[in-house]
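In this note's numbering, the protein residues as written are 15 to 108.
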């Protein structure tokens, strides 16, 4: 009569080793993917921080542009306006 095949210690060791290798490789691949996502997240966060600074600067510029001092300075510079009682002098560049 033929003997039934029964798994021995060597078989379990081989299955365990194969499972260990599979889990190790999968873990390494997951770690690489995690590190790539982490780096991308850090880069995106830096872009967000830079955008927030830009927005804050633009808000300050808009706020300043709506002040009477800025409007007066702009009118004097671009349009050559003067206040009552002031004398405007124009110098030739020659």
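Glycine included, each C-beta is placed from N, C-alpha and C at the ideal position.
For residue 40 and residue 54, the gap between their C-alpha atoms comes out near 21 Å.
Taking the Cβ atoms as the reference, residue 95 lies roughly 10 Å from residue 87, outside the contact range of under 8 Å. Spanning the alpha carbons of residue 32 and residue 24 requires a straight line of approximately 12 Å. Where residue 89 is concerned, there is no enclosing alpha helix (DSSP H), because DSSP gives it neither an H nor an E. DSSP places residue 57 in the uninterrupted alpha helix (DSSP H) bounded by 23–79.
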